[in-house]
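Working notes, structure below.
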Amino acid sequence: MTERIIIAGAGGQGIMLLGKVLAEAAMLENKFVTWLPAYGAEVRGGKAFCMVIISDKEIGSPYISKADSLIIMNEPSLHHFKNRLREKGFLVLNSSLAKDALVPGYPFTDVALKLGNLKVANMVALGSYLALKNMLSRETISEVIKKMAPKDKPELIEINQKAFIAGGDLVKKNG
Amino acid sequence: MKKIFSHPVSLRKTSTHYCPGCGHGLCHRLVAEIIDELGIREKTIAIAPVGCAVLAYDYWDFDCTEAAHGRALAVATAIKRVRPENIVFTYQGDGDLAAIGTNETIHTANRGENLTVIFINNAVYGMTGGQMAPTTLLGQKTTTTPLGRQANLQGFPLKVSELLSQLPAVKYIERVSLHSPQEVIKAKKAIKQAFQNQLDNQGFSLVEVLSACPTYWGMPAHKAMSWIKEVMIKEFPLGRIK
Amino acid sequence: MKANKILMSGNEAFGEGAIQAGCQFYAGYPITPQNELIAYMARHMPERNKVFIQAESELAAINMVFGASAAGMRAMTSSSSPGISLKQEGISYMAGSQLPGVIVNVMRGGPGLGNISPSQSDYFQATRGGGHGDYHSIVIAPASVQEAYDFMGLAFDLADKYRNTVIVLGDGILGQMMEPLRLSAANQTPQTEYQKPWALTGCKGRKPNIIRSLYLGDGVLEALNVSLQKKYQLIQQEEARYEGLFLDDAEIILVAYGTMSRISKVVVNNLRDKGKKIGMIRPITLWPFPKKAFSGLPAMCSKLLVVEMSCGQMVEDVRLSVNGKYPVEFLGRAGGGVPAEEEIIEKIESIL
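Chains as they are written, first to last, in this note's numbering: chain A, 37 to 211; chain B, 15 to 256; chain C, 4 to 355.
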């Protein structure tokens, strides 16, 4: 099993963090994993993306030319990365901020707003993605969210957990 | 009979390679005397520049290192930071400190590193054979200003001491000269102060020393002394700058 | 097993590896893609009572390393290609003065300002000396975040052992990428093994020490060079390191280092699964270059294929090492291009 994921959106949407939670969870489940950020001048102007590879085997290049899955959080990123998805790959789309003719997507940002914190849209997306892929256990993600929350803001743990579960529910509801 | 004058312990008993009338030998001796008087020879680390004084370690009898041209204060910064108990000083010429090393000079001063700097200003490059220095006077002839330095082509003599005095982290700056015995006594006092400041953890101290280079000024030694007194001091006035 | 692994970027791993190896002084200047390393040192060196300085330039940074090293400390700097060019002055002076020191180069595309994408185009600069004079730095090329961490201990040990500069040569991918890292107990020689009687400490109880690289006396500099060359010969005999893969029966042997070696390794394993007899040599030290690896190649080996993120630099050392006995093919990309697995496979098929 090798899963190559590109996660993209705008600066401030927690794109890098989404990737890190995924990578950290994969590490805890003893998988080989790489996380590669966009860096330097290419992230100026509000673009943000990272590439995560999770595998049972040693990983060569952490760079992804054709992704097995795309997690897309806004419209510009959809245009930028759409053609990087391999045939029959998964497009996990934030329909609150991006529209695609073929893929309806899920309203990650709207769900996050309902939960009371715009910033947890990334965890909603992660919940949906893992419900579709079923690659890592919920318990591991929960552990990572606990570990990564800043020590002085323990209240963030609960809302991120809720967001992750809400993301999973979106997929179950809509299939 | 009581011995009241002797060769400094910090100065090796050897003759120098400097030209007759050159200020370096005298200034080396002042530094050596001061280090003896302050009793710091065994904890002193000197940084020799690139320039005529690169061989200073052949004359001083304490720990020394070379630095690449202009980088003496970067080297000194690191030594002092990792060995704060040692006394660290640089001895640099005008090309080293005020041309190729200007960046290091300004930033070391601006960080307020607890260092002592002896800045020899003789208005010319000596080691390479008499080219224009940043401190060369207007009209002064050198091998690279054969018609004399012109402000519209080569700019004005650079007053590093005045520049540095603007920086809040700089503790002490004084300009002295070696053209007469009276001035040598004042020079020694200033250099000693710059070392004392380091011992007292006061921060960045620099003494600019006007020093003769009879060879590349093209004059005998006694005329070089008069030239400092009558010409050079007008551009580089002596005294406490900060 | 779960507990002692952490997710870290290569840049941070360089920093933590250095600190674990007893680095006492770091000076650097910001440049992409190694900024996480200087930031890591800014936070973690003072925490452990070590000195961190953000220098005013790359020149100042390497000369600060010169000073700290002259004072007997384990000292390092880091940068990326354009900044490493600026550091060449200081590296040459350290070579002339025989001062140990570690320099991390997280390579990016050149020449000139180039770009900030990963590259391996500083191989010549790193392995041939880079600055003026007849000298070599030891060059070590990690290929994973784990090695970025582990090799820092090796780098400081070799630097002290030989009083030599050591360049740890990574690239933008290695610096930026995060991978699981096992923070192992430093598997290295205790620092106390390396006495530094030459260091500047103040001359209490001994004759003054002088650190210098200027030797004007008749024949003195030549004698220094002869002794440096003896040291370099010893390093070549003792310290060349490489990794071999399927070298017993390989018909085609890939040669790659750093990031390219991990990509090539996946290619080799995949082709082996399909029954193709591919092997690989991965130089770990680039100087000394592991020539020995090329001396006993299997009889069935017909060709070597060198893969680099450059227009062909290490390929010259491979050609020198096989000395005309085997054809040496090359696949490279420049300016931030990274040969992909498919490109390598295509190239192999074209030369089979």
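Beta carbons are placed, not taken as given, at the ideal position from N, Cα and C, and that holds for glycine.
- Listed by position along chain A, the residues whose Cβ is nearer than 8 Å to that of Leu172 (chain C) form an empty set, because the closest Cβ is around 18 Å away.
- Taking C-alpha positions only, Val96 (chain B) is separated from Phe28 (chain C) by approximately 7 Å.
- Counting the other Cβ atoms within 10 Å of the Cβ of His31 (chain B) gives fewer than 16, which makes it exposed.
- Chain-ordered listing is empty here: chain C has no CB closer than 8 Å to the CB of Cys66 (chain B), the nearest sitting near 12 Å.
- Here Asn326 (chain C) carries a coil assignment [DSSP, helix/strand/coil].
- Secondary structure note for Met283 (chain C): its beta strand (DSSP E) is the uninterrupted segment 281–286.
- Following the DSSP letters along the chain, one finds Tyr218 (chain C) in no alpha helix (DSSP H), marked with neither H nor E.
- Counted as a single uninterrupted DSSP element, the alpha helix (DSSP H) harbouring Val147 (chain A) occupies residues 144–151.
- Boundaries of the beta strand (DSSP E) around Val105 (chain C): 104–110.
- Under the three-state reduction of DSSP output, Glu65 (chain A) falls in the coil class, being neither helix nor strand.
- For Ala21 (chain C), no CB of chain B lies under 8 Å from its own CB, so it is not counted at the interface with that chain.
- Shortest Cα-Cα distance from Val69 (chain A) to any of C:Leu184, C:Gly338, C:Lys207, C:Ile255 involves C:Leu184.
- When secondary structure is reduced to three states using DSSP, Leu138 (chain A) falls in the coil class, being assigned neither helix nor strand.
- In the DSSP assignment, Thr150 (chain B) falls outside any alpha helix (DSSP H), carrying neither H nor E.
- When C:Ile170, C:Met48, C:Val107 are compared, the shortest CA-CA separation from Thr130 (chain C) is found for C:Ile170.
- In terms of Cβ geometry, His116 (chain A) and Ala44 (chain A) form a close pair [threshold 8 Å].
- The segment 193–204 of chain A and the segment 208–215 of chain B do not touch, with fewer than three beta-carbon pairs separated by less than 8 Å.
- At a beta-carbon threshold of 8 Å, none of the residues of chain B lie near Thr195 (chain C); the nearest stands roughly 17 Å away.
- Your pair Ser219 (chain B) and Val131 (chain B) checks out as a contact, with CB atoms roughly 7 Å apart and the cut at 8 Å.
- For the options B:Ile93, B:Gly37, B:Asp108, the alpha carbon positioned closest to that of Ile101 (chain B) is the one of B:Ile93.
- In the structure shown, Tyr75 (chain A) adopts coil according to DSSP, grouped into three states.
- Close CB contacts of Val270 (chain C) within its chain, under the 8 Å cut and outside five residues either way in sequence, are with Leu257, Ile281, Glu344, Ile347, Ile348, Ile351 (chain order).
- Judged by DSSP in its simplified three-state form, Tyr186 (chain B) adopts strand.
- For Leu154 (chain A), none of the residues of chain C pass the 8 Å Cβ criterion, the least Cβ distance being about 26 Å.
- Under the DSSP assignment, Asn135 (chain B) falls outside any alpha helix (DSSP H), being part of the beta strand (DSSP E) whose first and last residues are 130–135.
- A distance of 8 Å or more separates the beta carbons of Lys169 (chain A) and Leu10 (chain C).
- For Arg46 (chain C), not one C-beta of chain B is nearer than 8 Å to its own C-beta.
- From the listed residues C:Val148, C:Gly93, C:Ala253, C:Gly178, the smallest Cα separation to Pro121 (chain C) is found for C:Gly178.
- By alpha-carbon distance to Asn124 (chain B), the top candidate from B:Glu244, B:Leu178, B:Glu80 is B:Leu178.
- With a cut-off of 8 Å on Cβ pairs, the segment 208–223 of chain C is not in contact with the segment 107–124 of chain C, counting fewer than three such pairs.
- The criterion of a C-beta distance shorter than 8 Å is not satisfied by Ile100 (chain A) and Val128 (chain A).
- Residue pairing by DSSP places Asp174 (chain C) opposite C:Met110 in a beta bridge.
- Between Tyr32 (chain C) and Glu61 (chain C), the alpha-carbon positions lie close to 6 Å from each other.
- Leaving aside the five residues that flank Leu151 (chain B) on each side, the residues in its chain whose CB is nearer than 8 Å to its CB run, in chain order, Ala137, Arg163, Pro171, Val245, Met246, Glu249.
- Within the DSSP secondary-structure output, Cys33 (chain B) pairs in no beta bridge.
- One alpha carbon belongs to Ser264 (chain C), the other to Gly338 (chain C), and they sit about 18 Å apart.
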